[in-house]
Amino acid sequence: MKHQMSRGKFIRLGGLTLAGALISDVVFANDFIKNSKPKIDSLLMKKLILNNDAKVKSFLDKDPIVPNNRVNNFRLIASLITTMTASVSNSESVYYKSKILAEKLNQAMDILLKEQYPDGTLDAGGNRQSPPDTAFILEYICPAAAVLNLDKQKDLEGLRNKMKTFIVNVGEAMITGGVHTPNHRWVVCAALANIHSLYPDPRYLRRIDQWLAEGIYLNEDGQYSERSGVYSVVIDKALITMSRLLNKPELLDIVQKNLTTYYYYTEPNGDLVTVDSKRQDQFMNLTVSKFYLPYRFMAIHTKNPMFAQMVNLIENLPDFTSETLSGSLLFFMENSELQQQISNESQLENNFEKFFTLSNLARIRREKTAITLFGGNDKPLLIVSGRSSNPNFLMYRKGDAILKYMRLSTSFFRMGYFSSNGIVKQGNKYILTETKEADYYQPLAPEFLKADGDYKLSPSQDGRFWNKMDFDSRTKSNVKKQITVIEITENKGTLNMDFKVDGPPNVEVTIEMCFKEGSEITGAIMDDKNNFFLNSGLGKLSMGADTIEFGLGKVEHQNVNNLDSEDITYHQGNLRTDGIHVYLTGFTPFRHTMTIG
Numbered sequence: 043m044k045h046q047m048s049r050g051k052f053i054r055l056g057g058l059t060l061a062g063a064l065i066s067d068v069v070f071a072n073d074f075i076k077n078s079k080p081k082i083d084s085l086l087m088k089k090l091i092l093n094n095d096a097k098v099k100s101f102l103d104k105d106p107i108v109p110n111n112r113v114n115n116f117r118l119i120a121s122l123i124t125t126m127t128a129s130v131s132n133s134e135s136v137y138y139k140s141k142i143l144a145e146k147l148n149q150a151m152d153i154l155l156k157e158q159y160p161d162g163t164l165d166a167g168g169n170r171q172s173p174p175d176t177a178f179i180l181e182y183i184c185p186a187a188a189v190l191n192l193d194k195q196k197d198l199e200g201l202r203n204k205m206k207t208f209i210v211n212v213g214e215a216m217i218t219g220g221v222h223t224p225n226h227r228w229v230v231c232a233a234l235a236n237i238h239s240l241y242p243d244p245r246y247l248r249r250i251d252q253w254l255a256e257g258i259y260l261n262e263d264g265q266y267s268e269r270s271g272v273y274s275v276v277i278d279k280a281l282i283t284m285s286r287l288l289n290k291p292e293l294l295d296i297v298q299k300n301l302t303t304y305y306y307y308t309e310p311n312g313d314l315v316t317v318d319s320k321r322q323d324q325f326m327n328l329t330v331s332k333f334y335l336p337y338r339f340m341a342i343h344t345k346n347p348m349f350a351q352m353v354n355l356i357e358n359l360p361d362f363t364s365e366t367l368s369g370s371l372l373f374f375m376e377n378s379e380l381q382q383q384i385s386n387e388s389q390l391e392n393n394f395e396k397f398f399t400l401s402n403l404a405r406i407r408r409e410k411t412a413i414t415l416f417g418g419n420d421k422p423l424l425i426v427s428g429r430s431s432n433p434n435f436l437m438y439r440k441g442d443a444i445l446k447y448m449r450l451s452t453s454f455f456r457m458g459y460f461s462s463n464g465i466v467k468q469g470n471k472y473i474l475t476e477t478k479e480a481d482y483y484q485p486l487a488p489e490f491l492k493a494d495g496d497y498k499l500s501p502s503q504d505g506r507f508w509n510k511m512d513f514d515s516r517t518k519s520n521v522k523k524q525i526t527v528i529e530i531t532e533n534k535g536t537l538n539m540d541f542k543v544d545g546p547p548n549v550e551v552t553i554e555m556c557f558k559e560g561s562e563i564t565g566a567i568m569d570d571k572n573n574f575f576l577n578s579g580l581g582k583l584s585m586g587a588d589t590i591e592f593g594l595g596k597v598e599h600q601n602v603n604n605l606d607s608e609d610i611t612y613h614q615g616n617l618r619t620d621g622i623h624v625y626l627t628g629f630t631p632f633r634h635t636m637t638i639g
């Protein structure tokens, strides 16, 4: 069964692809001037419709829905439902009232209903019958149901009934189900708010109040407890949903503080600072595009020029098409407030210094230079979801020239990278310090002796290893300490750095710099493993027309393997990333000064 469309609509859609679907302002310039409404961003809406249609066309060309196949990624199915619903319900779409889309939508809902457990949940990877993961699915399905209910196409009545069955079933899971992580609570609450707006039930409101009674944590830095860009946007969206649907305007105050923080966490090219996250994104590259809908809603709602500037930044990023235009139309249809025009007349000064004391993270912007200092890892240091453990203490950018990170490691008992115990700020100087301690152990006292030698399996008191040694009953001796101090002074975007490492003598010290892939390095010598060593003088990174100079150099050894702690290298793992690596090295007592600028 083929969808019938006019020749004009066919030609309009035929040239669209997901790779090239972003329509330039010039295409609609005349139409925009003739038909614009003062409070509606007509040009943006046209782009959303065209790119949504292009995504539908790509989907239909590939037809990924196979009804009899078992699915383990329900977010993909749910996302397709929102995309198809937007086109089939929008009178400006070439797929408006499309019978083939109605068929595909019914197939998709049949899959969700087939895979839904009797308790209302779905599986999500390793999470079996997961209430919170099912709540994430409702972020897509409930707005789709709301739009279909408004459009009221007679041919889609069966689809609307299927959605109602699925959503109400999920509601039972949301009323009783549990969660894993802090953000899950608010995702579940947003799901309940969505369900209640469609099919009111006081039980949904009581469950929301039960979760909200725990309090929504937001610290003075404007960060939620997970301190994560991935999950901050999840929470912001959830709070906006609850505020809109439950008449809780006070929740937007929390969103406003978090979005203000992420204004400072955004690099000039849209990259997000993630080094301080307590979740998986501390080792990921993210862009601020994920925050588009919260920034747009809050820019319209608060008239805050900072948020308007962020909307403008995101709309001009290279990934705006793939991240936003191709998948957001339905949300603009479900919440028409998002369609309003935003003024971009106010441009904030691109020059600031912001110290987030609880996160121990500093952000400095001097026009095209952007600096991040970090010293806020959780102790004891563990690499696990929910704890901050990134060893990068400095990131530096000047336009396209990017120092992805600087780290410091020593061979002191193979305890790995420097991890500062916070940051102390003195004027324009930031001081990072760490003390590492390793122990030896004396014989057991007579009262702890066992004839068979079968002592308790226990961790050493410095936490480095486990053995059947009953360490807690032993006296420590020959205690060794290493104290590292890094002082960083900023002056108009240039950093002066002073390194001091004291403790046992002749310990290898390694300063590691990782520059963005594709960078050209001069002044340093490359070895046979493609590592650069800056023996003396200044090195220079070049990327296009932008450069970063660094030095003076110092090389006293070239052993740059096993820089990670023994916890990681024991499992043949390492934290080295892609990029151009430049090293400065020496031995304790270590003293070195250098500049980056």
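Each number in our numbering corresponds to the 1-based position in the sequence shown with 42 added. We put the beta carbon where it would ideally sit given N, CA and C, even for glycine. Keep in mind the model is a prediction, meaning the values are calculated, not measured.
In this structure, the CA atom of Lys332 is about 19 Å from the CA atom of Ser267.
In this structure the stretch 618-636 lies against the stretch 533-546, because at least three pairs of beta carbons, one per stretch, are closer than 8 Å. Around the CB of Tyr482, fewer than 16 other CB atoms lie within 10 Å, so the residue is classed as exposed. The three-state reading of DSSP puts Met568 in strand, counting E and B together. The bridge partners DSSP lists for Lys471 are Gln468 and Thr531. Collapsing the DSSP output to three states places Arg407 in a strand. Within its own chain, the residues whose Cβ lies closer than 6 Å to the Cβ of Val353, once the five positions on either side in sequence are excluded, are Tyr337, Arg338, Ala341 and Ile384, listed in chain order.
Taken in chain order, the complete beta strand (DSSP E) segments of 3 residues or longer contained in the stretch 157-237 are 164-166 and 169-172. Judged by beta-carbon spacing, Asn236 lies within the 7 Å limit of Leu180, meaning their Cβ atoms are closer than that value. Residue Val551 holds the alpha-carbon nearest to the alpha-carbon of Asn604 among Arg249, Ile567, Val551 and Asp569. Our two residues, Asn601 and Leu450, have alpha carbons roughly 13 Å apart in a direct line. The residues Gly417, Phe435, Leu474, Thr475 and Glu476, in chain order, have a CB closer than 7 Å to that of Ser462 in the same chain once the five nearest residues on each side in sequence are set aside. Annotated as distal: Ala350 and Ala280, with beta-carbon spacing of 7 Å or more. Rounded to whole angstroms, Trp508 and Val272 show a C-alpha spacing of 35 Å. In the three-state scheme derived from DSSP, where H, G and I count as helix and E and B as strand, Met326 is classed as coil.
By the 16-neighbour rule on beta-carbons within 10 angstroms, Met216 is buried. With at least 16 other beta carbons inside 10 angstroms of its own, Glu554 counts as buried.
From the listed residues Lys471, Lys534 and Phe454, the smallest Cα separation to Lys522 is found for Phe454. The beta carbon of Gly579 is closer than 7 Å to those of Gly565, Gly593, Leu594 and Gly595 in its chain, skipping five residues each way along the sequence. By the C-beta density criterion, Glu256 is exposed, having fewer than 16 other C-beta atoms within 10 angstroms. Runs of the beta strand (DSSP E) spanning 3 or more residues and lying entirely within the stretch 475-524 occur at 499-501 and 508-510, in chain order. Per DSSP, the continuous alpha helix (DSSP H) segment holding Glu376 begins and ends at Leu371 to Glu376. Counting along the chain, no beta strand (DSSP E) covers Val130; the unbroken alpha helix (DSSP H) around it starts and ends at Phe116 to Ser131. Residue range Tyr334 to Thr344 is occupied by the alpha helix (DSSP H) that includes His343, with no beta strand (DSSP E) assigned at that position.
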